[in-house]
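Asker: Let me begin by handing over the structure; questions about it come next.
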Amino acid sequence: STSGSSLVRNAKILVVGAGGLGCEILKNLAMSGVVRDVVVMDLDTIDVTNLNRQFLFRSTDVGHSKAECASKFINTRCPWMNVVPYHGKIQDKDAEFYRQFKVVISGLDNVEARRWLNGMINNLVEFDSDGDPIPETIIPLVDGGTEGFSGQSRLILPRITSCFECSLDAFTPSAAVPLCTIAETPRIPEHCIAHAMVLQWPKEFPNKKLDGDSPADMKWVHERAVERADRFGIPGVTYMLTLGVVKNIIPAVASTNAIVSAVCVNEAMKVLSFCSQSLNTYMMYMGSEGIYSHTFVYEQKETCPVCTIHTHQLSLPSTTTLNTLLQQLCDGEFRLKVPSITSSSKTLYMRSPAVLEKATRGNLDKPLKELMMSGEELVVTDPVFHETSLSLVVTFA
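Quick note on numbering: the sequence shown equals residues 122 to 518 in the working numbering.
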């Protein structure tokens, strides 16, 4: 309808990621004929290996910003579009920046960035005096992801539907390879690449950080990995595999990106124009099984630390050290990265600023019974939750 088209035309859309999914998403938004204002964010620069599927880029773009090159291509080819690039981390922008958008489409390729974005968008929701979300503050988040021939798209209505954090259990934590295996008994090509990356690079370049986007750095790692593989009789070390290990990349399939991005943009159009029933709430595509997809409702997790208000209970021996508790929060269901923790009366451990970390570092090896009372409520913060905190009540077993 005309009114629906007007709603879409006047909406500002944020696209996060300008890689395989992001290029397809930008193309679909432009060719919809009704979208005008888009902001695209991406931290990466273009590598020659991107050119086979990220079709907004050309060989002359290698080494340049993905966001800037993608926006320039779209604006030139589709003059009705106004795509504004931002080359940098999503964490560098504050709440006011994200509040300006009517919908956010995510084409991110790593779980941690998706967790942060999910936390930010959920935090923007405001509540009325009855505790209900105020509709005008709800910014729909359309999250897309692909892995080889599989992909998914989901619609997240912050504080109403399940959020990304609710489904964190569905993502298998990356398995760490023991350093002794890498150093002494490599068995597969990945071990040889890891040896070059983790052990050889710091020795050769102690003052330089390995850059996964630098062709020169990747060439060096690949050559060292080939040498080690030859020594142990391990075949299969290729340049593409080296890139995959260093950057933790799963091989991308262009057709999967095309299908998932189409679903993402379709959902964005629906939530902006109210032209049809929105996805409820998750679509999964499995290309290896044929042209097959199905949708289902991903239920909100009652104990989700992002989209629900819940106090988590934990029973531990009183002799458990604070460091052990923090490690449990990192390794357990919450998968925190660098947690800080405070009680109602004092700061137990704070990661930053440095002066506060130094002042509280001594608490890490102390048993909990010296730091708190059984049943006392603790507040845990972590960058993965953005500005959300985790309420935790620890009772001594």
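All residues carry an ideal CB built from backbone N, CA and C; glycine is no exception.
Mind checking who residue 406 pairs with in its DSSP beta bridge?
Answerer: As a position in the sequence shown, residue 406 is number 285, starting the count at 1. Per DSSP, 272 and 414.
Asker: When the distance is taken between beta carbons, is residue 229 closer than 9 angstroms to residue 367?
Answerer: On the sequence shown, residue 367 is found 246 positions in, with the first residue counted as 1. On the sequence shown, residue 229 is found 108 positions in, with the first residue counted as 1. It is not a contact, given that the beta carbons lie outside the stated cut-off.
Asker: Within a Cβ cutoff of 8 angstroms, which residues of the same chain sit near residue 514, ignoring the five residues on either side of it in sequence?
Answerer: Here residue 514 corresponds to residue number 393 of the sequence shown, with the count starting at 1. The answer, listed in chain order, is 432, 433, 434, 435, 496, 497, 498 and 499.
Asker: To the nearest angstrom, how far is the alpha carbon of residue 131 from that of residue 158?
Answerer: Here residue 131 refers to the residue found at position 10 when the sequence shown is read from its first residue. Here residue 158 refers to the residue found at position 37 when the sequence shown is read from its first residue. The alpha-carbon atoms of residue 131 and residue 158 are separated by roughly 8 angstroms.
Asker: If you reduce the DSSP assignment to three classes, tell me which class residue 510 lands in.
Answerer: Start at 1 with the first residue of the sequence shown, and residue 510 comes out as number 389. Three-state result, residue 510: strand.
Asker: With DSSP collapsed to three states, give me the class of residue 316.
Answerer: Mapped onto the sequence shown, residue 316 falls at position 195. Three-state DSSP puts residue 316 in a helix.
Asker: Cβ of residue 278 versus every heavy atom of the ligand MN: is any distance shorter than 8 angstroms?
Answerer: The ligand MN is absent from the structure shown, which contains no ligands of any kind.
Asker: Taking the beta carbon of residue 351 as the centre, do at least 16 other beta carbons fall within 10 Å, making it buried, or is it exposed?
Answerer: On the sequence shown, residue 351 is found 230 positions in, with the first residue counted as 1. Burial call: exposed.
Asker: What are the start and end residues of each continuous beta strand (DSSP E) run of 3 or more residues lying completely inside the region 141–183, in chain order?
Answerer: List check, beta strand (DSSP E) in window: 158–163.
Asker: If we count the other Cβ atoms within 10 Å of its Cβ and call it buried at 16 or more, is residue 413 buried or exposed?
Answerer: Taking the first residue of the sequence shown as 1, we reach residue 413 at position 292. Exposed: under 16 other Cβ atoms inside 10 Å.
Asker: Any idea which residues DSSP pairs residue 265 with across the strands?
Answerer: Stepping through the sequence shown from its first residue, residue 265 is reached at position 144. Beta-bridge pairing links residue 265 to 274.
Asker: Go through its chain and collect everything with a Cβ distance to residue 383's Cβ below 7 angstroms, but skip five positions before and after it.
Answerer: If you number the sequence shown from 1, residue 383 lands on position 262. For residue 383, where only same-chain residues beyond five positions count, the Cβ hits under 7 angstroms are 149.
Asker: Give me, in chain order, the residues of the same chain whose beta-carbon lies closer than 8 angstroms to that of residue 239; leave out the 5 immediate sequence neighbours on both sides.
Answerer: By 1-based counting over the sequence shown, the position of residue 239 is 118. Same-chain partners within the cutoff: 262, 264, 277, 284, 285, 286 and 427.
Asker: So who's on the other strand from residue 260, going by DSSP bridges?
Answerer: As a working mapping, residue 260 is identified with position 139 in the sequence shown. Paired residue(s): none; residue 260 is not in a bridge.
Asker: Would you decide whether residue 347 is buried or exposed? Buried here means 16 or more other CB atoms lie within 10 Å of its CB.
Answerer: For this step, residue 347 is matched to residue 226 along the sequence shown. With 16 or more Cβ atoms within 10 Å of its Cβ, residue 347 is classed as buried.
Asker: Whole angstroms are fine: how far does the CA of residue 404 sit from the CA of residue 227?
Answerer: Your numbering for residue 227 matches position 106 in the sequence shown. Your numbering for residue 404 matches position 283 in the sequence shown. In a straight line, the C-alpha of residue 227 is about 15 angstroms away from that of residue 404.
Asker: Starting from the C-beta of residue 194, find all residues in its chain whose C-beta is less than 6 angstroms away, skip the five residues before and the five after it, and write them out in chain order.
Answerer: The sequence position of residue 194 within the sequence shown is 73, counting from 1. Cβ within range, chain order: 177.
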